[in-house]
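Engineer:
There are 2 protein chains.
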Amino acid sequence: MDISDKIIGRLSQYRRLLSMIAETGQSNIYSHQIASFVKISSAQVRRDIMNIGYTGNPNNGYNIKDLAESIGSFIDDAEPQFAALVGVGNLGKAIIDYFSGRRPKLSIAASFDSDPQKQSRVIHGCRCYSLEEFDEVVRDKNITIGIIAVPTADAQKTADMLIKAGVKGLLNFAPVPLHVHSTIYIEDIDITMSLEKVAYFARQ
Amino acid sequence: MDISDKIIGRLSQYRRLLSMIAETGQSNIYSHQIASFVKISSAQVRRDIMNIGYTGNPNNGYNIKDLAESIGSFIDDAEPQFAALVGVGNLGKAIIDYFSGRRPKLSIAASFDSDPQKQSRVIHGCRCYSLEEFDEVVRDKNITIGIIAVPTADAQKTADMLIKAGVKGLLNFAPVPLHVHSTIYIEDIDITMSLEKVAYFARQ
DNA sequence: CGGTGTGAAGCGCTTCACAGCG
DNA sequence: CGCTGTGAAGCGCTTCACACCG
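These protein sequences, in sequence, are chains U and P. For this note's numbering, add 80 to where a residue sits in the first sequence, where the first one is 1. For this note's numbering, add 80 to where a residue sits in the second sequence, where the first one is 1.
This is the structure we're talking about:
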């Protein structure tokens with residue numbers, strides 16, 4: 081079986097939940113407990129865990145620490161992965177905030193902005209470079225992930241630039257569909273669309 | 081047929097695309113053109129349009145202006161809707177940025193923060209209030225949508241507060257599942273999860 | 001022809017339901 | 001008992017494929 085993007089998403093949620101619970105000292109957990117926290121069915125939880133090859137036992141359910149590690153070794157690469165953030169506006173800063181030191185295997189290694197005011201400033205341990213330094217920094221720091229937080233008008237050319245430098249996956253916050261080669265994975269976060277959805281369903 | 085949340089999301093995308101194209105002066109468009117812009121199949125586009133009861137014609141496809149209006153009258157309410165943003169950090173400011181005056185029928189009418197420094201400041205025409213003023217402002221401004229951009233630890237109590245004040249839908253940026261009554265619609269935007277998905281697929 | 005509109009088929013994800021087990 | 005692991009069923013979304021039309 082190959083793993084769909086939904087499964088990866090849920091695994092990421094499970095892991096986050098498990099690390100939170102681990103801190104309380106609890107050592108085991110049942111699928112229905114995980115399920116009620118993240119609001120999906122327990123069958124779904126069990127199937128997801130089955131998919132990564134981890135197995136619990138009927139007595140104690142799952143060992144929290146082991147399961148978290150299993151998920152980690154499944155969704156994280158063996159080597160750490162590095163991302164570049166392009167566009168250090170409010171959104172860019174918020175993203176750096178969210179991530180600073182959150183995950184050992186995944187970090188934002190550099191940020192870029194066209195505004196000279198921002199360049200060579202360091203925000204949460206992440207230095208901001210000029211766009212001229214782009215190719216060099218991406219190569220040197222072995223960056224494979226791009227985060228697009230630039231104005232809509234610059235999004236496509238930012239994507240092109242990132243991909244040309246060798247990036248393999250994009251997280252796109254610009255409210256516009258990017259056109260790139262199909263080997264590149266894109267995840268869109270479309271805040272406007274999400275708010276419109278909420279507005280629609282808030283009145284049903 | 082009732083309309084799923086995916087359909088609403090796509091309709092929102094179509095509308096945004098259509099307004100962009102309308103500005104070029106083009107007046108008609110085919111389903112396959114829409115499809116190639118937003119990267120879904122033309123059959124999907126036609127079916128979505130069918131769902132809202134609009135109909136094109138085999139000669140010219142769809143009239144851009146009419147279709148955009150049709151989508152608008154479907155996903156927008158007759159009355160304008162108002163949202164409240166809680167948490168005016170970098171993310172909160174970015175969200176206000178994104179939205180300021182974007183849609184006539186949907187706007188962020190007020191923001192809230194516990195930091196007195198931010199209170200009564202106006203960002204992009206959106207005034208920041210203290211949490212003490214919360215219930216009053218929400219009621220006065222007829223707010224039905226809440227946007228949660230507070231630190232994770234405060235997310236649940238922010239949600240409770242919003243709902244108690246009468247909000248019917250939530251857009252949640254905190255990386256934690258919120259537990260609320262099932263009549264409340266929640267849309268989660270989980271940036272960490274999204275980045276982990278990109279990281280995973282960037283190396284397949 | 002090259003479009004739209006749409007019943008029907010296809011497909012992937014989710015849930016059911018139960019065997020197996022401590 | 002009450003849990004996990006999982007084949008099979010169910011369900012909803014997407015795509016196919018074709019009638020119809022200008």
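Backbone N, C-alpha and C define an ideal beta-carbon position, used for all residues, glycine too. As the structure is a prediction and not an experimental result, all values here were calculated from the model.
Is Arg126 of chain P helix, strand or coil when you go by DSSP?
Structural biologist: Here Arg126 of chain P sits in helix by DSSP.
Engineer: Let me know the secondary structure DSSP gives Tyr265 of chain P once reduced to three states.
Structural biologist: DSSP places Tyr265 of chain P in strand when its eight states are reduced to three.
Engineer: Given that Lys74 of chain P touches chain U, what residues does it touch there, using C-beta distances under 9 Å?
Structural biologist: Residue 74 of chain P is absent from the structure shown; chain P starts at 81 and stops at 284.
Engineer: Suppose the cutoff is 7 Å on Cβ atoms and the five residues either side in sequence are ignored; what does the same chain contact list for Ile101 of chain U look like?
Structural biologist: So the list reads Ile109, Ile144, once near-sequence residues are dropped.
Engineer: Buried or exposed for Ala233 of chain U, please, with buried defined as at least 16 other CB atoms from any protein chain shown within 10 angstroms of its CB.
Structural biologist: The residue in question, Ala233 of chain U, is exposed, as its Cβ has fewer than 16 Cβ neighbours within 10 Å.
Engineer: Using a Cβ cut-off of 8 Å (strictly closer), state whether Phe192 of chain P contacts chain U.
Structural biologist: Phe192 of chain P does not count as touching chain U.
Engineer: To which residues of the same chain is Asp270 of chain P closer than 7 Å at the C-beta, ignoring the five residues directly before and after it?
Structural biologist: Closer than 7 Å at the Cβ level, and outside the excluded window around Asp270 of chain P, lie Pro255.
Engineer: List in chain order: all unbroken alpha helix (DSSP H) runs of 4+ residues lying wholly within the region 170–242 of chain U.
Structural biologist: Qualifying alpha helix (DSSP H) stretches, in chain order: 170–179, 214–220.
Engineer: Run down chain P in chain order and give the residues with a C-beta less than 9 Å from the C-beta of Pro257 of chain U.
Structural biologist: The answer, in chain order, is Gln93, Leu97, Phe117, Val118, Lys119.
Engineer: Between which two residues does the alpha helix (DSSP H) containing Leu250 of chain P stretch?
Structural biologist: Segment 249–252 is the beta strand (DSSP E) holding Leu250 of chain P; no alpha helix (DSSP H) there.
Engineer: Which one or two residues does DSSP pair with Ala164 of chain P in a beta bridge?
Structural biologist: For Ala164 of chain P, which the question treats as bridged, DSSP gives the partners P:Ala190, P:Gly226.
Engineer: Would a check of beta-carbon distances place Ile269 of chain U closer than 8 Å to chain P?
Structural biologist: True, the Cβ-Cβ gap to chain P drops below 8 Å.
Engineer: For Leu211 of chain P, I'd like the list of residues in its chain whose CB is within less than 7 Å of its CB, leaving aside the five on either flank, ordered along the chain.
Structural biologist: Excluding sequence neighbours, Leu211 of chain P sits near Phe192, Ser194.
Engineer: Whose CA, out of U:Ile176, U:Pro184, U:Pro231, lies closest to the CA of Ala190 of chain U?
Structural biologist: Considering only alpha carbons, the answer is U:Ile176.
Engineer: Give the residues of chain P in contact with Asn170 of chain U, contact being defined as C-beta atoms less than 9 Å apart.
Structural biologist: Under the 9 Å cutoff, chain P gives Gly169, Asn170, Leu171, Gly172, Lys173, Ala174, Ile175, Ile176, Asp177.
Engineer: Secondary structure at Tyr280 of chain U, three-state DSSP: helix, strand or coil?
Structural biologist: Helix at Tyr280 of chain U.
Engineer: Using beta-carbon positions only, say whether Phe281 of chain U and Tyr178 of chain P come within less than 8 Å of one another.
Structural biologist: No, the Cβ-Cβ distance between Phe281 of chain U and Tyr178 of chain P is not below 8 Å.
Engineer: Can you find the residues in the same chain that come closer than 6 Å, C-beta to C-beta, to Gly226 of chain P, ignoring five residues on each side of it along the sequence?
Structural biologist: Taken in chain order, the residues that qualify are Ala164, Leu242, Val247, Leu250.
Engineer: Is the CB of Tyr280 of chain U under 8 Å away from at least one CB in chain P?
Structural biologist: Cβ-Cβ to chain P under 8 Å: yes for Tyr280 of chain U.
Engineer: Interface residues of chain U around Glu276 of chain P at Cβ under 9 Å?
Structural biologist: Residues of chain U passing the Cβ test: Ile88, Gly89, Leu91, Ser92, Arg95, Ile155, Asp156, Arg183, Leu186.
Engineer: Look at the Cβ atom of Tyr134 of chain P, then the Cβ atom of Ser116 of chain P, and state whether they are nearer than 8 Å.
Structural biologist: Cβ atoms of Tyr134 of chain P and Ser116 of chain P: not closer than 8 Å.
Engineer: If you reduce the DSSP assignment to three classes, tell me which class Ile109 of chain P lands in.
Structural biologist: Here Ile109 of chain P sits in strand by DSSP.
Engineer: Give the straight-line distance between the Cα atoms of Val118 of chain U and Gly141 of chain P, rounded to the nearest whole angstrom.
Structural biologist: About 43 Å.
Engineer: Just the Cα atoms here: how many angstroms apart are Gly105 of chain U and Pro160 of chain P?
Structural biologist: Using only the alpha carbons, I get a separation of about 49 Å.
Engineer: Thinking Ser122 of chain U and Ser107 of chain U are a contact (beta carbons under 8 Å), I'd like their distance in whole angstroms, please.
Structural biologist: Actually they do not touch by this definition, with Cβ atoms about 19 Å apart.
Engineer: Between the C-alpha atoms of Asp82 of chain P and Arg127 of chain P, what's the straight-line distance to the nearest angstrom?
Structural biologist: Their backbone Cα atoms lie some 13 Å apart in a straight line.
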